[in-house]
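Same order as they appear, the protein sequences are chains A, B, C and D. Residue 129, in my numbering, is where the first sequence stops; the numbers in between run on with no holes. Residue 258, in my numbering, is where the second sequence stops; the numbers in between run on with no holes. Residue 387, in my numbering, is where the third sequence stops; the numbers in between run on with no holes. Residue 516, in my numbering, is where the fourth sequence stops; the numbers in between run on with no holes. Positions of the beta carbon are idealized from the N, C-alpha and C atoms, including for glycine. Given the structure is predicted, the values throughout are model-derived calculations rather than measurements.
4 protein chains.
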Amino acid sequence: MFQIDDKSNVAIYEQIIWKIKELRLRGVLRPGEKLPSVRELSAMIIANPNTVSKAYQELERQGVIETRQGKGTFMAEAMSNMPDPRYRAAIKEQLQRMVIDAIYAGLSLPEIQSWLQEEFEKLGGGKDA
Amino acid sequence: MFQIDDKSNVAIYEQIIWKIKELRLRGVLRPGEKLPSVRELSAMIIANPNTVSKAYQELERQGVIETRQGKGTFMAEAMSNMPDPRYRAAIKEQLQRMVIDAIYAGLSLPEIQSWLQEEFEKLGGGKDA
Amino acid sequence: MFQIDDKSNVAIYEQIIWKIKELRLRGVLRPGEKLPSVRELSAMIIANPNTVSKAYQELERQGVIETRQGKGTFMAEAMSNMPDPRYRAAIKEQLQRMVIDAIYAGLSLPEIQSWLQEEFEKLGGGKDA
Amino acid sequence: MFQIDDKSNVAIYEQIIWKIKELRLRGVLRPGEKLPSVRELSAMIIANPNTVSKAYQELERQGVIETRQGKGTFMAEAMSNMPDPRYRAAIKEQLQRMVIDAIYAGLSLPEIQSWLQEEFEKLGGGKDA
DNA sequence: GTGGTCTAGACCACG
DNA sequence: GTGGTCTAGACCACG
Chain A
1 MFQIDDKSNV AIYEQIIWKI KELRLRGVLR PGEKLPSVRE LSAMIIANPN
51 TVSKAYQELE RQGVIETRQG KGTFMAEAMS NMPDPRYRAA IKEQLQRMVI
101 DAIYAGLSLP EIQSWLQEEF EKLGGGKDA
Chain B
130 MFQIDDKSNV AIYEQIIWKI KELRLRGVLR PGEKLPSVRE LSAMIIANPN
180 TVSKAYQELE RQGVIETRQG KGTFMAEAMS NMPDPRYRAA IKEQLQRMVI
230 DAIYAGLSLP EIQSWLQEEF EKLGGGKDA
Chain C
259 MFQIDDKSNV AIYEQIIWKI KELRLRGVLR PGEKLPSVRE LSAMIIANPN
309 TVSKAYQELE RQGVIETRQG KGTFMAEAMS NMPDPRYRAA IKEQLQRMVI
359 DAIYAGLSLP EIQSWLQEEF EKLGGGKDA
Chain D
388 MFQIDDKSNV AIYEQIIWKI KELRLRGVLR PGEKLPSVRE LSAMIIANPN
438 TVSKAYQELE RQGVIETRQG KGTFMAEAMS NMPDPRYRAA IKEQLQRMVI
488 DAIYAGLSLP EIQSWLQEEF EKLGGGKDA
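Structure representation (structure tokens):
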């Protein structure tokens, strides 16, 4: 279920965040579903509990998961979209950098477009799988 | 010509790298053109010369710019595309993360597609502007 | 284990790079083995941490070592050979310059051949010691 | 006759030194032959006269060329070998670094041996062509 | 504790 | 004037 890349430049806690969001979008994790505890997940992926904890805190801040005292951590019932304009701007910059790198890697627009569509479909396009 | 965001999470030297690639793709910087010296650019963007130097070194390693001893730094004549498969995989991951964030931000596929096309056109799509 | 020559014309960070590659080839450093931290090595060889850091960064770029976030730096598992033709050309030039200097120093072909063989054997000839 | 690589990491004055030694070893430049003046050579290779001057000074110091006041610069009559042990040690280090790089580039001993022999023969092996 | 980034500034080789 | 190397040291993210 869970693959983390030790050697990646992307911080492990960020990999966890993206992975959980991805699993949510793909319908593998469902609303209200219980997540592994910090200790369980850190054991599963061989990471420091602090690292998992940091990921969970950030996910909670974003409304993706919820902690219920004494009961554990759960996927949120609703998928919160954050229509924060600053957030949109950040994504646009992410896309701009990706496009620059892509052109330098010799990728064509149709190629990236097909990747984009493929990813969107794999993730259900937000249609709350 | 050159805007650097102090408060960004993206490191200054990385911002410089992307900016120079962007200006190259948009045709603002042309093949063989002389770049500002390390000291000049660091004065322009109010950064430390070492930071600019690090960006220039990485750009040289990527074949984007060239250093000629005692003469300064120049845009490379040819735009090197790097058909390195590892590099393509890294870009695909970049795109995957962007899509996850985009869906969570409530963006639709058509919206991102139009952003993508817009960016590609703005950057000449590698058609060596 | 680690000797750096202060007075050499070869930059300290380059000496570190060659030394680590040499120790790897001689089997002193083994795949997956933990390297001294930047701070430790800089203390060992009495150099600035930044200098060691620069060497480590270049070694990582070449695939010789790997950095794992917050865990330290490790020898890569596999020895990456880089069959980059530009790289081969650079080595041939290195050899050409060495031969010119050798002839001017009055060295004969058999002498250099025996040095070459000796070095190759000492380094295991890439047979992944 | 003379090729200098602007973009090489090897300093231009060092390229000139190696080139003149190479031409001498290959018999293109002969003992006692007149060399182009500093100004002529700097014009030929589009370099700064100071750069050529530095190369000539170093070549003279090594006994490869001779300056005769008011007459110009000439190849030395005899090929001076310098059996300086420090010099031999430096060449051995040069060879060691080359071998390390070669193994990392996936080159085999026979390959380098054949390169070595080839170069030696091309340069007359010091047999004062 | 670990490496990454950045500043400040020195010194030097090269051109 | 140009970039390359190095020192000294701060601050921070990550684990």
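> Using the beta-carbon of each residue, which ones in chain D are nearer than 9 Å to B/E195?
Replying inline: D393, K394
> Going by C-alpha distance, which of C/I278, C/F378, C/G285, C/K292 is nearest D/L494?
Replying inline: C/F378
>> Please report the distance separating the alpha-carbon of C/T325 from that of A/A11.
In response: 12 Å
>> Quick check: what's the CA-CA separation for D/W502 versus C/R344?
In response: 16 Å
> CB-CB under 8 Å to B/L158, same chain, minus the five flanking residues each way: which ones, in chain order?
Replying inline: I149, L152, L164, M204
>> For a test of the three-state rule: what should DSSP assign to B/K200, helix, strand or coil?
In response: coil
> What residues in the region 179 to 210 of chain B bring their beta carbon closer than 7 Å to a beta carbon of chain D?
Replying inline: E195, R197, Q198
> Taking the DSSP output, what are the residues bridged to B/K163?
Replying inline: B/F203
>> On a Cα-Cα basis, can you pick out the residue from A/I103, A/L59, A/I4, A/K92 that is closest to B/S209?
In response: A/I103
> Using a C-beta cutoff of 8 Å, does B/A218 count as contacting chain A?
Replying inline: no
>> Is it buried or exposed, A/I16, if we count other Cβ atoms within 10 angstroms and call 16 or more buried?
In response: buried
> Which two residues bound the contiguous alpha helix (DSSP H) that contains D/I490?
Replying inline: 472 to 491
> Taking buried to mean at least 16 other C-beta atoms within 10 Å of its own C-beta, is C/S266 buried or exposed?
Replying inline: exposed
>> Quick check on A/I12 - is its C-beta less than 8 Å from some C-beta in chain C?
In response: yes
> What's the C-alpha gap between B/G253 and A/L41?
Replying inline: 45 Å
>> Only counting the same chain, and skipping five residues up and downstream in sequence, which positions put a Cβ closer than 6 Å to that of A/E111?
In response: none
>> Taking 8 Å as the limit between beta carbons, can you name the residues of its chain near C/D263, skipping five residues before and five after?
In response: Q273
>> Would you say D/M388 lies against chain C (beta-carbon separation less than 8 Å)?
In response: no
>> Using the three-state DSSP reduction, which class does D/I433 fall into: helix, strand or coil?
In response: coil
>> Is there a Cβ of chain B sitting closer than 8 Å to that of A/M44, yes or no?
In response: no
> In this structure, does DSSP put A/I4 in helix, strand or coil?
Replying inline: coil
> Do you know offhand how far C/A305's Cα is from C/S295's?
Replying inline: 13 Å
> D/I452 bridges to which residues according to DSSP?
Replying inline: D/M462
> Which whole-angstrom value is the C-beta distance of C/A363 and D/I478, which I expect to be below 8 Å?
Replying inline: 6 Å
> Helix or strand or just coil, what does DSSP make of B/V139?
Replying inline: coil
> Considering only C-alpha positions, which residue in the set D/Q390, D/T460, D/D471 is nearest to D/L446?
Replying inline: D/T460
>> Taking its Cβ as the centre, do 16 or more other Cβ atoms sit within 10 Å of C/P289, making it buried, or is it exposed?
In response: exposed
> Under the three-state reduction of DSSP, which class applies to B/V181: helix, strand or coil?
Replying inline: helix
> Considering only residues of the same chain and omitting the five flanking positions on each side of B/F131, which have a CB-CB separation below 7 Å?
Replying inline: K148, M173, I174
> Within 8 Å (strictly less), CB to CB, does A/V28 reach chain B?
Replying inline: no
> How many Å lie between A/I52 and A/R39 at the Cα?
Replying inline: The sequence given here has Val at residue 52 of chain A, not Ile. Going from the Cα of A/V52 to the Cα of A/R39 covers about 8 Å.
> Whose Cβ in chain A lies nearer than 8 Å to the Cβ of B/V228?
Replying inline: L116, E119, F120, L123
>> If contacts are defined as beta-carbon pairs under 8 Å, then C/M356 and D/Q483 qualify, I think. What distance do you get, rounded to the angstrom?
In response: At roughly 10 Å, the Cβ-Cβ gap does not stay under 8 Å, so C/M356 and D/Q483 are not in contact.
> D/V451 to D/Q504, Cα distance in whole Å?
Replying inline: 24 Å
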